[in-house]
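One structure below.
In this note's numbering, the protein residues as written are 47 to 267.
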């Protein structure tokens, strides 16, 4: 990336990590030593490169793993509350943010509305019976990333997954237990708050998924 784009990317991610809020354009401009017009151009290029996601009103709604509105997951640290962009992202935030050894992740089951919360740390897999359901295979995440993230949710059990699928008419996606979700999230965003940041190539991503126990159907075709 252009150095200016990388400076804006870093300011976005560090701002979200520190406060849970998207920095304003003037704050990004000051941090990156750019004009607000240059910041706007950089954000367009970052969106094209899949570092940030605009919503239908052209506001940044996702800078994975952070979201700027609810996607069903809150992540509460000792000093900051974040929105997690999906189940994967919510479990990734405690691994990524500095000075927060653990966080309380909360959500509700999409099938029955039961509330769930887990204290998630960087060192121990959660001992919990719930399951995560990923409706969209990873290979198709960016076909409609907002739709994808809206449908990476945690259910009480596989029975609740099946009840939700029956009610909504969706086909079954990939189901994993929460220890597997924790392992998936643990190192996926390593380096995102540092510079320069390099995204994984598809082959590297497949290797990473295999290393945490996720098989071919998780990737999709």
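Cβ coordinates follow ideal geometry from the N, Cα and C atoms, glycine included. Please read these numbers as outputs of a predicted model, since none were measured by experiment.
- Residue 181 and residue 196 have their alpha carbons spaced roughly 9 angstroms apart.
- Your pair residue 166 and residue 175 does not check out as a contact, with CB atoms roughly 15 angstroms apart and the cut at 8 angstroms.
- Residue 85: not part of any beta strand (DSSP E); member of the alpha helix (DSSP H) spanning 82 to 94, first to last residue.
- Three or more pairs of CB atoms, one per stretch, sit closer than 8 angstroms, so the segment 117 to 131 contacts the segment 144 to 154.
- Along the length of the segment 102 to 189, whole alpha helix (DSSP H) runs at least 4 residues long occupy 133 to 142, reported in chain order.
- The shortest CA-to-CA distance from residue 69 to any of 125, 102, 110, 114 is the one to 114.
- Per DSSP, the continuous alpha helix (DSSP H) segment holding residue 254 begins and ends at 248 to 257.
- A residue is called buried when at least 16 other Cβ atoms come within 10 angstroms of its Cβ; residue 263 does not meet this threshold and is exposed.
- Taking C-beta atoms as the reference points, residue 78 and residue 50 count as a pair closer than 8 angstroms.
- Residue pairing from DSSP places residue 221 in a beta bridge opposite 179.
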